[in-house]
Ligand SMILES: Nc1ncnc2c1ncn2[C@@H]1O[C@H](COP(=O)(O)OP(=O)(O)OP(=O)(O)O)[C@@H](O)[C@H]1O
Ligand SMILES: [Mg+2]
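Residue numbers (the working numbering), protein chains in the order written: chain A, 109 to 627; chain B, 134 to 454.
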């Protein structure tokens with residue numbers, strides 16, 4: 109089904125119009141008629157976006173529809189080509205980062221924008237260095253402030269640790285703390301939950317309600333529609349850089365929101381049971397690594413999708429890294445195609461046909477300034493190299509065309525653009541393309557759809573289905589219960605380093621799975 | 134901060150060990166090496182280099198590089214000496230002039246880098262060539278010998294030679310700015326993630342003017358101290374010192390990609406190079422061999438840094454959950 113409200117102008121009188129001051133609150137900021145071009149790419153066309161004081165407002169849309177660009181215009185990082193920004197009754201053609209912060213706008217950027225070489229405490233308090241360049245830094249005050257925010261979020265961060273040495277989820281918390289430690293009137297969160305666990309997400313959502321009670325507005329970007337439906341009061345939907353409309357969340361449901369975002373309807377169903385008894389592509393017996401996981405047995409056969417779910421710290425990622433040779437186990441054996449193998453590093457794993465798409469892909473998977481094409485073929489260069497040691501250009505282009513455009517439908521006109529110009533979600537698809545191009549026998553996907561919009565999620569699921577149908581064995585690690593339920597033939601639940609239970613997706617529901625994870 | 138301090142300590146600790154080992158070996162094989170006279174003149178010889186290194190360190194931390202500081206030092210030295218010879222003056226005037234003129238030339242670098250959006254290597258190589266060519270053209274390579282007596286007279290304070298004292302003060306000030314002053318922390322931020330610094334509202338042009346201006350200012354002072362030491366101004370005396378200074382700072386743990394570096398490390402880097410150079414000279418090894426050794430040492434230290442970074446990236450990947 110295609111939405112009727114495709115034109116940017118149409119919906120102002122459309123199905124559920126929202127007057128700009130629906131609940132009597134005054135607008136905190138109004139962005140009017142914003143257009144932004146990057147060279148030939150139109151990122152935004154005549155977009156209107158109004159945020160009321162103290163409201164919780166979600167910004168939704170597919171990967172590359174312009175959400176982050178709109179946010180960066182509000183924060184003064186980008187200068188719009190057209191349009192105005194109205195703050196405190198004055199109209200501005202653009203803002204600077206400093207001005208935007210003076211108005212009380214704090215941003216949690218999608219790429220986090222942290223300083224890897226500075227400590228957690230310094231990252232959180234960096235704005236004070238900017239405000240008073242010739243003052244002494246005050247370590248104690250800095251720490252106090254950081255501790256106060258951590259208290260509010262009910263988390264604890266290693267304040268003296270360098271941010272660059274922290275895992276991605278912790279970095280995300282640092283970025284959140286930095287934004288919340290300011291005297292903000294509006295906090296904008298560009299996919300803040302992408303790599304957080306359920307508890308952390310819950311704490312964050314509670315904090316957003318806390319902000320609201322202090323009259324602080326929140327703009328929230330997320331591809332997890334249930335989060336949007338729980339937290340938001342209003343939602344603005346963008347499609348291809350134009351407004352679809354702004355809606356009161358209580359007037360729509362999750363299905364409808366999905367339709368508004370994609371212009372299509374998505375159905376999800378369970379997989380047909382997996383019955384073949386082929387030789388396992390990967391078999392693990394009694395795998396143990398001290399302090400991480402113990403006594404893990406698992407089997408994946410060609411064509412099977414094995415779902416693994418569990419909390420942060422349940423050992424799922426450590427196990428996956430061991431299967432990819434990056435975290436050697438202390439005991440137990442790994443068999444590939446019925447042969448015992450020792451995986452001492454990831455090159456050996458790759459040689460045995462194992463591929464691993466990590467959760468931390470944004471910082472590990474891609475060379476940002478290089479083109480989409482180069483990033484895609486980097487792992488298969490030897491296969492594309494012809495007789496004289498030259499790259500076979502035809503096969504190179506076929507590979508790129510196949511994975512980037514046909515299978516993963518990356519939103520770009522040409523594969524020659526640098527990866528850093530893509531939107532966050534499209535970068536993720538390039539990482540997937542890069543690994544799929546190696547045509548592995550066993551594919552380990554660690555949270556492959558984090559930060560990917562629902563349309564693209566469906567796309568990635570299709571790819572997973574197609575790969576499985578072609579005989580690939582797939583291990584799907586995810587903490588989205590709905591995802592493992594619909595995408596796996598079998599589900600393992602990990603609890604503090606052990607496989608606690610195995611489920612058949614046809615005999616379990618979301619609620620039971622959630623309870624098993626948090627048992 | 135504490136973790137950062139710990140990392141610095143680890144690197145500094147390794148350097149200190151190497152230095153101690155080399156000092157012991159040299160004092161065994163060459164008795165001249167361990168004479169107090171030799172050690173004092175060693176300190177004095179390398180104080181000019183230390184002053185320039187302080188400036189370069191700040192630029193490296195900010196994520197840039199400055200190749201032009203030796204040329205700036207040479208030009209400043211000549212200009213200030215001319216003024217002092219013709220108009221007279223005292224040490225205060227001399228320092229003020231050198232700082233202002235050197236700082237100004239540094240700010241020119243910053244403006245060119247910012248407005249041309251060019252790489253700092255390219256810009257500073259160009260300005261180095263321009264400044265030096267201009268200096269040689271205008272002076273026809275002639276040296277100035279008739280410096281005022283108050284300027285060339287040996288000075289000691291509490292029996293510390295003047296150049297050593299200036300270097301010590303300059304290094305302490307630099308350490309203070311980098312670790313305790315907000316602008317110093319912003320310089321680290323700029324080097325660590327320039328886009329994030331911009332987004333946090335840092336004034337990038339201002340910061341660049343500060344770091345390149347600081348490097349120029351240090352170069353100016355270094356030029357002045359050098360002229361005082363050798364009691365003459367030779368236009369091309371300082372040329373070619375860039376790489377030694379760069380080697381010392383990089384040896385001291387500063388990263389060529391920005392965001393990392395410390396004054397303590399820089400001091401150790403200089404001491405290491407000084408001992409190496411002095412020891413080899415006393416053993417009668419030619420100065421070309423020394424150039425070779427310097428090059429190898431830079432390569433080793435850069436690859437050691439790269440190796441550590443790679444290991445760190447891998448271990449943080451392992452922690453990623
Ligand atoms: N610096 C840039 N240079 C060129 N094009 C850019 C740049 N930044 C964004 N774009 C393009 O602008 C469009 C909008 O990107 P944006 O990052 O705003 O998307 P998004 O809605 O945030 O997507 P996602 O959900 O994937 O994060 C995309 O087509 C993107 O490729
Ligand atoms: Mg985005």
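We put the CB at the ideal spot given by N, CA and C, even for glycine. All of these numbers come straight from a predicted model, not from anything done at the bench.
Chain A within 8 Å of residue i, Cβ atoms only
i: residue 152/B; result: no
i: residue 332/B; result: yes
i: residue 319/B; result: yes
i: residue 167/B; result: no
i: residue 329/B; result: yes
i: residue 311/B; result: no
i: residue 393/B; result: yes
i: residue 305/B; result: no
i: residue 148/B; result: no
i: residue 302/B; result: no
i: residue 314/B; result: yes
The alpha helix (DSSP H) enclosing residue i, as first and last residue numbers
i: residue 249/A; result: 247 to 261
i: residue 391/B; result: Run containing residue 391/B: none; DSSP gives neither H nor E here.
i: residue 447/A; result: Element bounds for residue 447/A: not the alpha helix (DSSP H) but the beta strand (DSSP E), 447 to 449.
i: residue 233/A; result: First-last for residue 233/A: undefined, no H or E at that position.
i: residue 370/A; result: 362 to 370
i: residue 295/B; result: 295 to 313
i: residue 333/B; result: Here residue 333/B belongs to no alpha helix (DSSP H), and DSSP marks it neither H nor E.
i: residue 264/B; result: 253 to 272
i: residue 368/B; result: It is not in any alpha helix (DSSP H) - residue 368/B carries neither H nor E in the DSSP assignment.
i: residue 573/A; result: 562 to 577
Residue i: CB within 7 Å of a non-hydrogen atom of ligand 4
i: residue 532/A; result: As presented, the structure is devoid of ligand 4, carrying ligand 1 and ligand 2 as its sole ligands.
Residue range of the unbroken beta strand (DSSP E) whose run includes residue i
i: residue 391/A; result: 390 to 397
i: residue 166/A; result: 164 to 168
i: residue 156/A; result: 149 to 160
i: residue 193/A; result: 190 to 195
i: residue 181/A; result: From DSSP, residue 181/A is part of no beta strand (DSSP E) but of the alpha helix (DSSP H) over 175 to 182.
i: residue 297/A; result: 294 to 298
i: residue 326/A; result: 325 to 329
i: residue 462/A; result: 462 to 465
i: residue 440/A; result: 439 to 444
i: residue 343/A; result: 342 to 347
i: residue 497/A; result: Segment: none, residue 497/A is in no beta strand (DSSP E) and carries neither H nor E.
For residue j and residue i, believed in contact at Cβ under 8 Å, the rounded distance
i: residue 311/B; j: residue 323/B; result: In fact, because the Cβ distance is near 12 Å, the residues do not count as touching under 8 Å.
i: residue 443/A; j: residue 385/A; result: The pair is not a contact, with the Cβ atoms about 16 Å apart (cut-off 8 Å).
i: residue 463/A; j: residue 546/A; result: 6 Å
i: residue 488/A; j: residue 507/A; result: 7 Å
i: residue 234/B; j: residue 353/B; result: 6 Å
Chain B within 8 Å of residue i, Cβ atoms only
i: residue 590/A; result: no
i: residue 129/A; result: Confidence at residue 129/A is low in this model, with a pLDDT of 43, below 50, so its placement is unreliable and no value can be given for it.
i: residue 596/A; result: no
i: residue 209/A; result: yes
i: residue 505/A; result: no
i: residue 157/A; result: no
i: residue 205/A; result: yes
i: residue 230/A; result: yes
i: residue 526/A; result: no
i: residue 223/A; result: yes
i: residue 237/A; result: yes
i: residue 321/A; result: no
i: residue 333/A; result: no
Of the listed residues the options, nearest to residue i (C-alpha basis)
i: residue 322/A; options: 332/A, 496/A and 291/A; result: 291/A
i: residue 371/A; options: 611/A, 612/A, 148/A and 561/A; result: 561/A
i: residue 390/B; options: 182/B, 196/B and 179/B; result: 196/B
i: residue 331/A; options: 301/A, 584/A, 191/A and 162/A; result: 301/A
i: residue 157/A; options: 136/A, 172/A and 216/A; result: 136/A
i: residue 294/B; options: 401/B, 176/B and 159/B; result: 176/B
i: residue 318/B; options: 250/A, 306/A and 262/A; result: 250/A
i: residue 178/A; options: 265/A, 459/A, 531/A and 501/A; result: 531/A
Near-chain E residues of the segment 352 to 365 of chain B - C-beta to any C-beta below 9 Å: The structure shown contains no chain E; its protein chains are A and B.
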